[in-house]
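Each remark here refers to the structure printed beneath this line.
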Amino acid sequence: MTFDSINQLLSTLIHQSQWPDYQLYLKILKVWPGVISEKIQNHTKLLGVNRGVLWLEVSNPSWANELMLGRYQLLTKLNQCLTPTEELQDLKIMPRRWLSPGEETLKQSNPWLSKEIAMCPQCAGACSQGEVQRWHQCRYCQIKHWQSSQGA
């Protein structure tokens, strides 16, 4: 019994007739750099193809607007690179907030965010695990408790 490499198995699987959307996606990935400018490429990610609709993710809403305005031209350029049976019907563009390479992630810039967040049993507010373990409530509820016990 001989073993096939994973690359060979995946290649065989991808080229089966049950995967037309994925095959089309791979074809679009190859032609994508020739269809749009490098500037736009840096702000877009191809997510996939589903039933003739190309799904894109863009770095922010302004890029989504830019691509929506040029949507017809983009579809025309892409369809010129595809066979008539593969033609795309539409583009769906989803804006997302990407961090640029120089930006820190939230957890890097705010170390306290990496700690576990608990919920106060009294007020249902977010608080640290340590507060709940120590006082069985958040610091604000504990302060109210101290103030009410001093006033009594």
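Under our numbering, the first residue of the sequence shown is numbered -2, with each subsequent residue one higher. Backbone N, C-alpha and C fix where the C-beta goes; we use that ideal spot for every residue, glycine too. Please read all numbers here as calculations on a predicted model, not as lab measurements.
Please report the Cβ distance between residue i and residue j, rounded to the nearest whole angstrom; I am assuming they are in contact, meaning their Cβ atoms lie under 8 Å.
i	j	result
L79	K24	7 Å
Q144	P118	Between P118 and Q144 the Cβ distance is about 19 Å, and since that is not below 8 Å, they are no contact.
Please go through the same chain and pick out, in chain order, the residues whose beta-carbon is closer than 8 Å to the beta-carbon of residue i, but skip the five residues on each side of it.
i	result
D18	G45, V46, N47, R48
L26	L43
Q126	K112, E113, I114, A115
G67	none
Q38	W29, P30
Is residue i near residue j, with beta carbons less than 8 Å apart?
i	j	result
P153	P92	Only positions -2 to 149 of the chain appear in the structure, and residue 153 is not among them; the question remains open.
I33	L85	no
What residues in its chain sit with their C-beta under 7 Å from that of residue i, if we drop five residues either side in the sequence?
i	result
I90	L53, V55, A61, L64, M65
N76	E84, L85
W16	none
With H, G and I counted as helix, E and B as strand and the rest as coil, what does DSSP make of residue i?
i	result
G45	strand
P118	coil
C124	strand
D18	helix
I152	This structure leaves residue 152 out entirely; the chain is present only between -2 and 149.
L79	coil
E113	coil
E54	strand
N4	helix
Q134	coil
T73	helix
H142	helix
With a threshold of 6 Å on Cβ separation, who are the neighbours of residue i within its own chain once the five nearest residues in sequence on each side are excluded?
i	result
V28	C78
G122	C135
Q139	W132
V129	A115
H40	V55, S56, W60
C124	A115, C117, C135
L51	L85, L88
K74	V32
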